[in-house]
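Please read the structure below before turning to the comments.
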Amino acid sequence: MIDGTCLLDTSVYIAAIRGRNPAALERLTGERAVRMSAVVLQELYAGTAASSRAVVEELENSFAQENILVPDQSDWIAAGKMLAQVAAKHGHEKIGRSRLTNDALIASSASRAGIRVLTTNGRDFARLAEFCGLSWQLVSV
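Note that the sequence shown covers residues 68 to 208 in our numbering.
Right, here's the structure in full:
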């Protein structure tokens, strides 16, 4: 467990939704303050069938507007630089830069805000953390 504010990556929400296990989210976050990333909401809406959209809408509505972290201009720039560094180190074809773009936005905005990201996607966030001040933690749901 960690102290302070945290943000759950899309992978965590998907695992909890697919497993029909919302209690897992409470277990992971405990008493910590939880922020929602606008990028995570976008990914959840994009990947959710119309029949399950109410679950995402309920999740969105559970966060007050001030608890939704929205990437700003500096985050977009940092994400682009981060992707270039990851590509230079790991090769353009190996990283799937377009696939990493959303994770880079989550990483840059969370890093700027001093928020730890909880994720089931350790490989990508480990690569991104090499090039920014991201605090992240691998979790299982």
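Positions of the beta carbon are idealized from the N, C-alpha and C atoms, including for glycine.
All values derive from a computational prediction rather than experimental measurement.
Segment limits, beta strand (DSSP E) that includes residue i
{"i": "Arg183", "result": "183-186"}
Pick from the options that is closest to residue i, judged by C-alpha positions
{"i": "Val149", "options": "Ser175, Ala117, Leu74, Arg166", "result": "Reading off the sequence shown, one finds Met at residue 149, where the question assumed Val. It is Ser175 whose Cα lies nearest to the Cα of Met149."}
{"i": "Ile81", "options": "Gly71, Thr72, Ala131, Leu92", "result": "Leu92"}
{"i": "Ser201", "options": "Val208, Gly189, Arg183, Asp191", "result": "In the sequence on display, residue 201 carries Leu and not Ser. With distances taken between Cα atoms, Leu201 lies closest to Arg183."}
{"i": "Ser78", "options": "Thr187, Gly86, Ile173, Ala121", "result": "Thr187"}
{"i": "Gly158", "options": "Ser178, Arg194, Asp170", "result": "Arg194"}
{"i": "Ala196", "options": "Gly97, Thr115, Ile173, Val206", "result": "Ile173"}
{"i": "Glu125", "options": "Ile84, Glu98, Ala151", "result": "Ile84"}
{"i": "Phe198", "options": "Val208, Val206, Asp170", "result": "Asp170"}
{"i": "Asp191", "options": "Leu167, Gln204, Arg99", "result": "Leu167"}
Range of the contiguous alpha helix (DSSP H) that encloses residue i
{"i": "Arg85", "result": "77-85"}
Residue i in three-state terms, based on DSSP
{"i": "Met68", "result": "Low per-residue confidence applies at Met68: pLDDT is 35, beneath 50, and the placement is therefore not dependable, though the value from the model is reported in the following sentence. DSSP places Met68 in coil when its eight states are reduced to three."}
{"i": "Ser175", "result": "helix"}
{"i": "Gln204", "result": "strand"}
{"i": "Ser104", "result": "strand"}
**Request:** Evaluate the contact criterion for the region 97-104 versus the region 128-141: three or more CB pairs, one atom per stretch, below 8 Å.
**Result:** yes
**the region 111-124 / the region 143-154 touching (three or more Cβ pairs under 8 Å)** = They do not touch, by the three-pair rule.
**Prompt:** What are the start and end residues of each continuous beta strand (DSSP E) run of 3 or more residues lying completely inside the region 83-159, in chain order?
**Reply:** Annotation note: the region 83-159 contains the following uninterrupted beta strand (DSSP E) runs of length 3 or greater, listed N- to C-terminal: 101-104.
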